[in-house]
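J.:
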Amino acid sequence: MTDFKPTELDKKWQQHWTNEGTFEVEADQTRPKYYCLDMFAYPSGHAHMGHVRNYTIGDVMARMKRMRGFNVLHPFGWDAFGLPAENAAIKSGTHPEKSTLDNIAHMKGQLQRLGISYAWNREIATCLPEYYKFNQWIFLKMFERGLAYRKRSTVNWCPSCNTVLANEQVLDGACWRCGSAVEARELEQWFFKITAYADELLQSLDTLHDWPDKVVAMQRNWIGRSEGARVTFPVVGGPDIEIFTTRIDTIFGATFVLLAPEHPMVDRFAREAPDPATFRERVGRFRALDREARLTGAIDKEGFDTGRKAINPFTKAEIPIWIANFVLAEYGTGAIMAVPAHDQRDFEFARKYGLPIKVVVVEAGRETPAAASMPDASTNYGRLVDSGEYSGQDAPAVIGRMIADAERQGIGRGETQYRLKDWGISRQRYWGTPIPIIYCEKDGVVPVPYDQLPVTLPKVAAFSGRGDSPLAQLPEFVNVTCPVCGGPAKRETDTMDTFVDSSWYFLRFCDPANDDVLFEPAAAAYWMPVDFYVGGIEHAILHLLYSRFFTRVLRDIGLVKLDEPFSRLLTQGMVLKEGAVMSKSKGNVVDPDAMVEKYGADALRLYMTFVAPPEKELEWSDAGLEGCFRFLVRVWRVVDHWVETIGGEGMPQCGDDCTPAERALRRKTHETIRRVTIDIEDRMHLNTAVSSLMELVNELYAFSEGTAHGGPTRAEPPAGAMERPQTLAVLREAIDALVVMLSPFAPHVAEELWQMLGNVEDLSRAAWPSFDADVARAEEVVVPVQINGKVRARLTVRADASEDELRELALADAAVKNHTTGKTIRKVVVAKGPLVSVVVQ
RNA sequence: GCGAAAGUGGCGGAACUGGCAGACGCGCCGGACUUAGGAUCCGGUAGCCGCAAGGCUAUGGGGGUUCGAGUCCCCCCUUUCGCACCA
1 MTDFKPTELD
11 KKWQQHWTNE
21 GTFEVEADQT
31 RPKYYCLDMF
41 AYPSGHAHMG
51 HVRNYTIGDV
61 MARMKRMRGF
71 NVLHPFGWDA
81 FGLPAENAAI
91 KSGTHPEKST
101 LDNIAHMKGQ
111 LQRLGISYAW
121 NREIATCLPE
131 YYKFNQWIFL
141 KMFERGLAYR
151 KRSTVNWCPS
161 CNTVLANEQV
171 LDGACWRCGS
181 AVEARELEQW
191 FFKITAYADE
201 LLQSLDTLHD
211 WPDKVVAMQR
221 NWIGRSEGAR
231 VTFPVVGGPD
241 IEIFTTRIDT
251 IFGATFVLLA
261 PEHPMVDRFA
271 REAPDPATFR
281 ERVGRFRALD
291 REARLTGAID
301 KEGFDTGRKA
311 INPFTKAEIP
321 IWIANFVLAE
331 YGTGAIMAVP
341 AHDQRDFEFA
351 RKYGLPIKVV
361 VVEAGRETPA
371 AASMPDASTN
381 YGRLVDSGEY
391 SGQDAPAVIG
401 RMIADAERQG
411 IGRGETQYRL
421 KDWGISRQRY
431 WGTPIPIIYC
441 EKDGVVPVPY
451 DQLPVTLPKV
461 AAFSGRGDSP
471 LAQLPEFVNV
481 TCPVCGGPAK
491 RETDTMDTFV
501 DSSWYFLRFC
511 DPANDDVLFE
521 PAAAAYWMPV
531 DFYVGGIEHA
541 ILHLLYSRFF
551 TRVLRDIGLV
561 KLDEPFSRLL
571 TQGMVLKEGA
581 VMSKSKGNVV
591 DPDAMVEKYG
601 ADALRLYMTF
611 VAPPEKELEW
621 SDAGLEGCFR
631 FLVRVWRVVD
641 HWVETIGGEG
651 MPQCGDDCTP
661 AERALRRKTH
671 ETIRRVTIDI
681 EDRMHLNTAV
691 SSLMELVNEL
701 YAFSEGTAHG
711 GPTRAEPPAG
721 AMERPQTLAV
731 LREAIDALVV
741 MLSPFAPHVA
751 EELWQMLGNV
761 EDLSRAAWPS
771 FDADVARAEE
781 VVVPVQINGK
791 VRARLTVRAD
801 ASEDELRELA
811 LADAAVKNHT
821 TGKTIRKVVV
831 AKGPLVSVVV
841 Q
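In terms of my numbering, the first sequence has 749 at position 749, counting the first letter as 1, and numbering is strictly consecutive.
1. By how many angstroms is the C-alpha of D656 removed from the C-alpha of M722?
2. Would you report the Cα separation of K598 and T7, rounded to the nearest angstrom?
3. In whole angstroms, what separates the C-alpha of L140 from that of P449?
4. For Q14, does the three-state DSSP call read helix, strand or coil?
5. Among E188, A594, R765 and L763, which has the Cα closest to the Cα of H48?
6. Taking just the CA atoms, how far does D210 sit from W78?
7. Give the C-beta separation of V596 and L187 to the nearest angstrom, bearing in mind that I take them to be a contact with Cβ-Cβ under 8 Å.
8. For D249, I'd like the list of residues in its chain whose CB is within less than 6 Å of its CB, leaving aside the five on either flank, ordered along the chain.
9. Which parts of the stretch 567-637 are runs of the alpha helix (DSSP H), unbroken and 4 residues or longer, counting only runs that do not cross its ends?
10. As an exercise, report each continuous alpha helix (DSSP H) stretch of at least 4 residues that is fully enclosed by the stretch 334-370, in chain order.
11. Assign G284 to buried or exposed, taking buried as 16 or more other Cβ atoms, counted over all protein chains shown, within 10 Å of its Cβ.
12. Three Cβ pairs or more, each shorter than 8 Å: is that satisfied between the stretch 775-792 and the stretch 618-632?
13. Is N312 near I251, with beta carbons less than 9 Å apart?
14. Once you ignore the five residues that flank K668 on each side, which residues in its own chain have a CB closer than 7 Å to its CB?
15. Using the Cα positions of L471 and G486, report the straight-line distance between them to the nearest angstrom.
16. Quick check on L518: does DSSP put it in helix, strand or coil?
17. How many Å lie between V216 and M64 at the Cα?
18. Quick one: grab the DSSP three-state call for D813.
19. Quick one: what's R794 bridged to in DSSP?
20. Going by the beta-carbon positions, is the gap between F506 and L542 smaller than 9 Å?
21. For A601, does the count of other Cβ atoms within 10 angstroms reach 16, so buried, or fall short, so exposed?
22. Taking only the alpha-carbon atoms, compute the straight-line gap between T481 and P488 and give it to the nearest angstrom.
23. Hey, could you find the ends of the beta strand (DSSP E) W322 is sitting in?
24. Buried or exposed, going by whether 16 or more other CB atoms sit within 10 Å of the CB of T296?
25. Assuming P769 contacts V749 under a Cβ cut-off of 8 Å, what Cβ separation, rounded to an integer in Å, is found between them?
26. Go through its chain and collect everything with a Cβ distance to D28's Cβ below 6 Å, but skip five positions before and after it.
27. Taking DSSP's pairing of strands, which residues face D3 in a bridge?
28. Taking its Cβ as the centre, do 16 or more other Cβ atoms sit within 10 Å of S378, making it buried, or is it exposed?
29. Whole angstroms is fine: what's the gap from G124's alpha carbon to Q112's?
30. Could you tell me the distance, in whole angstroms, from the CA atom of T672 to the CA atom of A737?
31. May I ask you to verify whether the stretch 426-445 touches the stretch 127-147, counting CB pairs closer than 8 Å and requiring at least 3?
32. For T100, count neighbouring C-beta atoms within 10 Å of its own C-beta (all shown protein chains included) and say buried if the count is 16 or more, exposed if not.
33. Applying the 10 Å Cβ sphere with the 16-neighbour rule, what's the burial state of L333?
34. In chain order, which continuous runs of the alpha helix (DSSP H) of length 4 or greater are located wholly inside the stretch 449-520?
35. Would you give the residue range spanned by the alpha helix (DSSP H) that H546 belongs to?
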């Protein structure tokens, strides 16, 4: 048998790559660059199969591109700030810094045992001051430009844990940790003005041709642009109310106005109400209900009449103003005109409370419906009726006219609204980047001067899990002197959302050790954009949108010259077992370390790429992994079998005087080169790339059986067995190509085989084989003949047979004749392929 | 409700621009080699009819375009994912 020992090979070559710095790179203007990026990892402590899959996919591309002659940047780092470390500290008392750095060390070892070709000399961790110092720098720049600002806003507050929760930590309206009902609380928070870039972020999605449709669609929905109009409704005995609508064409049907419970006018109405206490009590119930209900799902539409009236500026009619629980305060103006005949929500509300329904739009080809008998609102565009001077005109054309008229009369204007909101970045947490701001009683909000960066996170803090940010309990951190007046001042004690860290890390990799600037612009100019970005779909919106935003901010600051950071995106599918995502609680976790220990890194890598297309879910199977291991043994055995005979220098060239079997193997070799190259580089169909390699190996076994040596199963080649030089040349060509193309998937085995074949240069630096179309072209092809769409015969003909010849041969074929005699041949089509199609009757 | 994707053997999945459906692997069946093998190698493996040659039926369902449809068009069903009262 063979002496194939995968774990020894893993160690040997990993050591070699580390010693040689094989994957370390420098910018080199003379060579084309390729930036291959795997989403950096949160150091949870243990790499799981999802990581293995993610990084294997990236590594196949990185290794392949390297062999294709590109200067490949393939870095890795750690998204090292975040809540879990702090929660662990609350639980166990271990300082977040220690647990994080320990976790990084452990996970790094795990990834290195997978043989991913990372430039480890560029490793970064966001929890280190040399990194987060530049988060603070960016913050200050954004503050200068008005892109970072402070405002009061509503947050999720757990009254039991006494802290703010992120939206993701609120499950069905309750705290994830203690289960208490989450409250809304008003806090002063820092925001990044991502809405300033909303339109650009939306428009530019059209340029992302190599992103999955799904991700582009999700971002488009998230930004949520809608065009409409802002219209002023005067209030009887009070200030005007402005509403936002996308359907100004229905305004003659607006029979009441609805306010969100949080609308600023509500408090004034309460004050002026006959019974302010009852009014406030009803509003309060909506405000409290609203938050929880919105997280759990649909709520019944409820509201009450404020008793106040507004004037519909188009009809001049007095209409009631109601407060409704389904109106969103944070969208538009927090107030809407209700058109029950043409909006389903307004319709339901009007029916419930007996409010008037007035039809003003008639769909093409329909009768004017009777409001009383409508089963539902009619929401389509159509011709206006009962709409004053606009009656008889058609929407959507009339919308522009109405907006223009409103503008002329000073009662409204066209407006574009976005669902996207500004990004709240304040976190009342310890384990994050301190926000570099100082509050002075005299000078107000004062940015920390650039030369005082970084604002270092203090090493010591109490992690009780109670109270505000742990930083607020450190007088030596909080109490400072004002940089402006030198008087006593207090530091901001909130830290930044960790999504800030990950919004520009890909730029830091271009120049990771720079202490003066985020990165040298020249370095980013060379390496950016990221050519291939691989990661989970869970980042489809936030991380990718924030990164696109940051790239634009840094562009406007002048550090980069690009709009979009990621040219091509691949979102890999999840790894499942028994149909469920692997998780400790389900007890279905497969430990990558154990698999690597048993089968070696290569078998696991091969399995991850072979068993499913990269973007689809992958169902784990032990048997499947063993199958991949067997394949590697098969490769090893066939190379080992021939290595003595074909190894070394002075191999004859593959000539013209080959036997049919030799020609067939050459053809297979070159066809495999073509397919594997396209499958990796263009299509990212790694599973079919692997299956092509398997086919080539099967072919090599079959070919070997037909030689004097016999196949690899024979213990020893017969004494004195001699092969034609052409046979050996053809074999050498096939085996070289196989080993090189296998190496992105199974680098350790491939390097060893490459060395056994007598190569001195590392395989990692070898050249990818080139495809020769002439060799791949078959001299004979099998041409199917269809009769009335069914294949009835197959002709073996010269590849260069003309259409006429094919037609003639097809009709002369015995099997074809069986189906055509006694019938009329109506048509014969010769298609490229080739294929002959005969139509008979 | 809106948006996106997907339905192909026992299973994971192939099928590139409309051109031989089921590549490759797993599993299963048979054979070889063996003291033995759960190692390895070789062969078979969509279903139905047939001794066979061969034939028929098959890519969620129903229509259509075409010499030819898993692929294109229309309608419907199912599943997964994302957003979810955005006025």
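Yeah, the Cβ is synthetic: ideal placement off N, Cα and C, and Gly gets one too.
T.: From the atom records:
1. Taking the first residue of the first sequence as position 1, residue 722 is located at position 722. Taking the first residue of the first sequence as position 1, residue 656 is located at position 656. Near 20 Å, if we compare the C-alpha coordinates of D656 and M722.
2. Here the question's residue 598 lines up with position 598 in the first sequence. Here the question's residue 7 lines up with position 7 in the first sequence. One C-alpha to the other measures close to 8 Å.
3. Taking the first sequence and counting its residues from 1, the one referred to as residue 140 is at position 140. Taking the first sequence and counting its residues from 1, the one referred to as residue 449 is at position 449. Computed Cα separation, rounded: 9 Å.
4. Counting from one through the first sequence, the residue named residue 14 turns up at place 14. If DSSP states are grouped into helix, strand and coil, Q14 belongs with the helices.
5. Along the first sequence, read from residue 1 onward, the residue named residue 48 stands at position 48. Among E188, A594, R765 and L763, the Cα nearest to that of H48 belongs to A594.
6. Residue mapping note: residue 78 aligns to position 78 of the first sequence, counting from 1. Residue mapping note: residue 210 aligns to position 210 of the first sequence, counting from 1. So the two alpha carbons sit approximately 26 Å from each other.
7. As a position in the first sequence, residue 596 is number 596, starting the count at 1. As a position in the first sequence, residue 187 is number 187, starting the count at 1. Not a contact, Cβ separation roughly 47 Å.
8. By 1-based counting over the first sequence, the position of residue 249 is 249. Answer for D249: A395, V398 and I399, listed in chain order.
9. 592-599 and 601-610
10. 344-353
11. Indexing the first sequence from 1 puts residue 284 at position 284. G284 should be labelled exposed.
12. no
13. On the first sequence, residue 312 is found 312 positions in, with the first residue counted as 1. On the first sequence, residue 251 is found 251 positions in, with the first residue counted as 1. Closer than 9 Å, so yes.
14. Sequence index remark: in the first sequence, residue 668 carries index 668 (1-based). Cβ within range, chain order: L696 and E699.
15. For the purposes of this step, residue 471 is taken as the residue at position 471 of the first sequence. For the purposes of this step, residue 486 is taken as the residue at position 486 of the first sequence. The alpha-carbon atoms of L471 and G486 are separated by roughly 22 Å.
16. For this step, residue 518 is matched to residue 518 along the first sequence. Looking at L518 - three-state DSSP - the assignment turns out to be coil, as it is neither helix nor strand.
17. One-based indexing of the first sequence puts residue 216 at position 216. One-based indexing of the first sequence puts residue 64 at position 64. Roughly 27 Å between the two C-alpha positions.
18. Here residue 813 is taken as the residue at index 813 of the first sequence, counted from 1. Here D813 sits in coil by DSSP.
19. To locate residue 794, count along the first sequence from 1; it is residue 794. Answer is P784.
20. One-based indexing of the first sequence puts residue 506 at position 506. One-based indexing of the first sequence puts residue 542 at position 542. It is not a contact, given that the beta carbons lie outside the stated cut-off.
21. As a working mapping, residue 601 is identified with position 601 in the first sequence. Classification for A601: buried.
22. Stepping through the first sequence from its first residue, residue 481 is reached at position 481. Stepping through the first sequence from its first residue, residue 488 is reached at position 488. Distance between the alpha carbons of T481 and P488 is about 5 Å.
23. Against the first sequence, residue 322 aligns to sequence position 322. E318 to A324 is the extent of the beta strand (DSSP E) around W322.
24. In the first sequence, residue 296 corresponds to position 296, counting from 1. Because T296 sits at a pLDDT of 48, beneath the cut-off of 50, its placement in the model cannot be relied upon, and the following sentence gives the value as read from the coordinates. T296 comes out exposed.
25. Sequence index remark: in the first sequence, residue 769 carries index 769 (1-based). Sequence index remark: in the first sequence, residue 749 carries index 749 (1-based). The Cβ separation is near 18 Å, so there is no contact.
26. To locate residue 28, count along the first sequence from 1; it is residue 28. Excluding sequence neighbours, D28 sits near N71.
27. For the purposes of this step, residue 3 is taken as residue 3 along the first sequence, with counting starting at 1. According to DSSP, D3 bridges with nothing at all.
28. Working through the first sequence from its first residue, we reach residue 378 at position 378. Buried.
29. Within the first sequence, the letter at position 124 stands for residue 124. Within the first sequence, the letter at position 112 stands for residue 112. The sequence shown places Ile at residue 124, not Gly. Their Cα atoms are separated by approximately 16 Å.
30. The count along the first sequence starts at 1 and reaches residue 672 at position 672. The count along the first sequence starts at 1 and reaches residue 737 at position 737. Taking the straight line from one Cα to the other gives about 9 Å.
31. yes
32. Position 100 of the first sequence, counting from 1, holds the residue named residue 100. Buried, by the Cβ-count rule.
33. Position 333 of the first sequence holds residue 333. Note on residue identity: the sequence assigns Thr, not Leu, to residue 333. Buried.
34. 475-478, 498-501 and 505-508
35. Residue mapping note: residue 546 aligns to position 546 of the first sequence, counting from 1. Residue 546 is actually Tyr in this sequence, not His. L542 to I557 is the extent of the alpha helix (DSSP H) around Y546.
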